[in-house]
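One structure is given below, encoded as structure tokens.
Number of protein chains: 2
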Amino acid sequence: MVRVEDMPVLDERKHKILMLLIQSYLETGEPVGSRTLSKLLEDNLSSATIRNEMSDLEEMGYIMSPHTSAGRIPSDMGYRFYVNEIMNESDKKCNEMQAFVIEKTEKMEKVLKQVVKTLAVNTNYATMITSPSTSGNRVKFIQLSAFDEKKLVALIVMDGNIVKNKVIELNEDLTQETILKLNLLLNTTLNGLSREQINLGVIAKMKEQSEGYQQIVSDVLDAVADAFNEDDDLEVYTSGATNLIKYPELAAPESAERLLMAFEDKQELKEFLEEAKEDLSDDGIKVYIGDESQVQSMQDCSVVTATYDLGNGMSGHIGIVGPKRMDYKSVLDSLKTIKSQLDSTFSGDKKKK
Amino acid sequence: MVRVEDMPVLDERKHKILMLLIQSYLETGEPVGSRTLSKLLEDNLSSATIRNEMSDLEEMGYIMSPHTSAGRIPSDMGYRFYVNEIMNESDKKCNEMQAFVIEKTEKMEKVLKQVVKTLAVNTNYATMITSPSTSGNRVKFIQLSAFDEKKLVALIVMDGNIVKNKVIELNEDLTQETILKLNLLLNTTLNGLSREQINLGVIAKMKEQSEGYQQIVSDVLDAVADAFNEDDDLEVYTSGATNLIKYPELAAPESAERLLMAFEDKQELKEFLEEAKEDLSDDGIKVYIGDESQVQSMQDCSVVTATYDLGNGMSGHIGIVGPKRMDYKSVLDSLKTIKSQLDSTFSGDKKKK
DNA sequence: GTTAGCACTCGTAGTTTAAGAGTGCTAACA
DNA sequence: TGTTAGCACTCTTAAACTACGAGTGCTAAC
């Protein structure tokens, strides 16, 4: 793992050469030789001079040669250098963003799937997105309704207007009156309470007052717990995992398989995205190079993550996974665009599910 | 495409040799030579004799040689022959089925994901399952509740106890009385109606009686339409797609990529599974070999599909995709086991979502 | 500090070679 | 007539060899 403090300072020429070398490698994926750089560089320096500089850069740890007689490729530290550089400058340019079209669908799920797919198609990398999670949610409204002889449906609305329902099967008929009473009890007791506030005391008190309908109360509580647990079964949607095997450096059978399996299983991705929120930079975008991501199967990849915020207390994470030589500039731009699109799409529209 | 009528009849010895050849190929994945078969066969026939028989079988179209000096491999017709054979006999044996454990979760979605994963792990092939769909559904119960100043939630219960809800935002406050009236109107008008029965006439009549709350009625109708449309966004859950690239005959870069992409996109799978229900055999299990599946990306695969039935009018489809030389016997057994497990798991438990 | 020149290294791609597996055919045998 | 041994032939695969080109490091000269 590279620490920024450990990175040697570069004079102007080395800086230029390093950036050029990395750019060239990002484009071609081929090791870059001294002659290539010499031609790329506007100063007419001979390849021999460049060779000396490259030798220095290699010693410093910014670049390395895959074998003796190939050119040089960036090390993880080299990539880190490059990314740090463009993170600084990228705001200035803001090159013509492709506008992504997000159809305004009612279902959050569909929007997320669409976003993740759009991103994957546009970037040609693998993408992932978590469904938005609400923190510090509260119960807003509960209603029981009998819709069949021995069946109730419990409707639970949470603060973020998340609606949950649960079918409850009964052993006996309930009078309309009983249902009204239960509704009253449930609402007066639970409304406005957060997960933490619904403790054993509250539960005991409710059961006490429920006069023989403990089972129903307990079923409703299950459903309430479910609504709170929305976070726990946070979904991760992915797309374009197969894009990755197009990059030769990731196509090695074993590593490719592990990568694809990670995208199929999603558990690891979920954990990673959840952790990613811990160390946010100012704009919520962060780049993980190689082992920085701490995900075993992505040691040979870079991951760019962003946080999106739907405004009503709901936020989630987006990630783009590509080879280390991914086109960081365009990925950063894409993510920024998506971020703002998501924000605006839902600014006035708080529906969910 | 092979038609059973076109398959030449085989004498006993050819039958035995063909079955043996295919079994050997299924196990090893290597072309089978005459010497191998000679040793495998209990009758002491020389390889030369076998060669003659194989030559005949090749002429008939049951087997083919990948190149001159390799052994023979089954043709699609050969596989078809084999599958037809074991479909007949497999019921007799019923070898010790592995019991799959289906945890009884509340959410259908989780069950399906678990099933598809279990199957994939057990068979080492790729698996897919559609969520159960209900045909001929009707509206059973509708309820509007105000849970916030200007927000209603419409709760719709369908015949299969599928529950849908939709949040409706209002421009004005509604009195409790108005809501009761609307509830009455909605229930008296819509209850018991199927998708087809809710036509323009019914809608017009409702709007007429809704006295200025047309917007709400129309929103509710949207939600109802949604509930009916459950079928349209039938989900397909998949697992183990990466298993496929372990089989050399499928690992060729281009074809493997198409396969994996099919499993990522799922649209094609969905269509295939929906069509599969058209031509059911008696026990709901069907085997598609090669181009029989009509799915472009699976020309080199075999697909075994089964229908599962949850009893309350809900049914869906399972599919297992593997190389043509998949272990049909164990796949058929696994599917049968899962089928019965699914049936029994939900026999007394009609919850959904 | 820069550059030209040169020997050297190493990976890639193409060719050659040898080995092995399997076939088809022929002729002999029961 | 069915079965078998034998043999020449084909074809794939892997290993060994070759030639080539790209790139380097070093030295010596500018």
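Just so you know, the sequences run in chain order A and B.
Start counting the first sequence at -7; every next residue gets the next number (the numbering used here).
Start counting the second sequence at -7; every next residue gets the next number (the numbering used here).
All residues carry an ideal CB built from backbone N, CA and C; glycine is no exception.
For A/T234, a Cβ of chain B is located within less than 7 Å of the residue's own Cβ. Those residues of the region 238 to 259 of chain B placed with their C-beta closer than 7 Å to a C-beta in chain A are E249, L252, M253 and E256, ordered along the chain. Contacts with chain A (Cβ-Cβ distance below 8 Å) from the region 112 to 144 of chain B involve K132, F133, Q135, S137, F139, D140 and K143, listed in chain order.
Interface with chain A (7 Å Cβ-Cβ cutoff): B/V107 is excluded.
In the DSSP assignment, A/N157 is bridged to A/L147.
A/I9 has its alpha-carbon roughly 9 Å from the corresponding atom of A/L32. If you draw a straight line from the Cα of B/D292 to the Cα of A/N116, it comes to about 27 Å.
Just measuring C-alpha positions, the residue of B/L136, B/V216, B/T119 and B/L111 sitting nearest B/D151 is B/V216. Only residues of its own chain outside the window of five on either side were considered, and among them A298 and Y300 have a CB closer than 6 Å to the CB of B/K331, listed in chain order.
DSSP, read as helix, strand or coil, puts A/V(-4) in helix. A Cβ-Cβ contact shorter than 7 Å links B/K109 with B/S231. Using a Cβ-Cβ cut-off of 7 Å, A/V149 counts as an interface residue toward chain B, since at least one Cβ of chain B sits closer than that to its own. Interface residue (Cβ-Cβ distance to chain A less than 7 Å): B/V287 is not classified as such. For B/L104, the enclosing alpha helix (DSSP H) begins and ends at M100 to T115. Under the three-state reduction of DSSP output, B/P124 falls in the coil class, being neither helix nor strand. Per DSSP, A/L172 lies in no beta strand (DSSP E) segment; the continuous alpha helix (DSSP H) that holds it begins and ends at Q168 to L182. By the rule that beta-carbons nearer than 7 Å mark a contact, B/V1 does not touch chain A.
The Cβ atoms of B/L144 and B/A138 lie closer than 7 Å to each other.
DSSP places B/Y320 in the helix class (H, G or I) of the three-state scheme.
For B/T28, the enclosing alpha helix (DSSP H) stretches over residues S26 to L32. Taking 7 Å as the threshold, the shortest C-beta distance from B/N153 to chain A falls below it. Nearest C-alpha to A/K158 among A/T170, A/L213 and A/A62: A/L213.
Those residues of the region 171 to 196 of chain B placed with their C-beta closer than 9 Å to a C-beta in chain A do not exist. In the DSSP secondary-structure assignment, B/F133 is bridged to B/V149.
Per DSSP, A/Y205 lies in no alpha helix (DSSP H) and is assigned neither H nor E. Distance from the CA atom of A/L251 to the CA atom of A/E(-3), rounded to whole angstroms, is 31 Å. B/K278 has B/T297 as its beta-bridge partners, per DSSP. When Cβ pairs closer than 8 Å are counted between the two stretches, the region 4 to 23 of chain B is seen to touch the region 50 to 70 of chain B, the count reaching three or more. Taking C-beta atoms under 8 Å as the contact rule, B/F264 and B/A233 fail to qualify, at a distance of about 15 Å.
Collapsing the DSSP output to three states places B/R64 in a strand. Listed by position along chain B, the residues whose Cβ is nearer than 8 Å to that of A/N163 form an empty set, because the closest Cβ is around 14 Å away. When rounded, the separation of the alpha-carbon atoms in B/S123 and A/S123 is 21 Å. Between B/V209 and B/K197, the gap from beta carbon to beta carbon reaches 7 Å or more. Of the residues A/Q288, A/E161, A/D165 and A/F133, the one whose Cα lies closest to the Cα of A/S186 is A/F133. Excluding residues up to 5 positions away in sequence, M(-7) and Q291 lie with their Cβ nearer than 7 Å to the Cβ of A/D283 in the same chain.
The C-beta distance from A/Y229 to A/K105 rounds to 5 Å, short enough to fall under 8 Å.
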